[in-house]
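First up is the structure itself, then whatever we jot down about it.
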Amino acid sequence: AIQAVWDVARQWKFSPGWGDAGERGFVDAMEFRQIRGDGAWMSPHPIDSLGIHISFNGDPKWFPEVTNAVSLLEKALQPFNARAHWGKLAPLTFAPSSTQRLYGEKLNRFRRLCETHDPTGKFKNTHVRQMLFDP
Numbered sequence: 003a004i005q006a007v008w009d010v011a012r013q014w015k016f017s018p019g020w021g022d023a024g025e026r027g028f029v030d031a032m033e034f035r036q037i038r039g040d041g042a043w044m045s046p047h048p049i050d051s052l053g054i055h056i057s058f059n060g061d062p063k064w065f066p067e068v069t070n071a072v073s074l075l076e077k078a079l080q081p082f083n084a085r086a087h088w089g090k091l092a093p094l095t096f097a098p099s100s101t102q103r104l105y106g107e108k109l110n111r112f113r114r115l116c117e118t119h120d121p122t123g124k125f126k127n128t129h130v131r132q133m134l135f136d137p
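If you want this note's numbering, it's the position in the sequence shown, counting the first as 1, plus 2.
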């Protein structure tokens, strides 16, 4: 997985180190973190995992580069069944079409739990409905 990330990331324009002169790129920082897996039904880390954390330049001029970079990275990580962190920029992985495939029976259990404890959907907004409840 690290090699797949590097194959994509080496094409990116990184910002110089903090305090160094030079034009900022669209990536300010990138790091890898070890994450202990847990048994939570909707956890993005059901097993011990490697997290890839990227801080993108917030300048709007870089947004097209950022979205393209994220798309290429997600495609490179598909063979590893990568899961995006809930709420982060990951339009391919964090999409309704991927949710059932990635979360399987645990998603079904979560849906049943929600039906029991929130039968009217009071705690569902449009995004939650699209990601977790709409087929």
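Backbone N, C-alpha and C define an ideal beta-carbon position, used for all residues, glycine too.
query: Determine the closest residue to L104 out of L134, D9, N83 and F65, with distance taken between C-alpha atoms.; result: N83
query: Buried or exposed: A1, going by 16 or more other Cβ atoms within 10 Å of its Cβ?; result: The structure shown does not extend to residue 1, since the chain is modelled only from 3 to 137, so the question has no answer here.
query: I need the straight-line Cα distance from I4 to T122, nearest angstrom please.; result: 44 Å
query: Is the beta carbon of N59 closer than 9 Å to that of R26?; result: yes
query: Am I right that G39 and I49 are in contact with their C-beta atoms under 8 Å? What's the rounded C-beta distance?; result: 4 Å
query: Taking V29 as the reference, give the member of A6, P66 and L52 with the closest Cα.; result: P66
query: Enumerate in chain order the residues of its own chain whose CB-to-CB distance from E33 is below 6 Å, with the five nearest sequence positions on each side excluded.; result: H55
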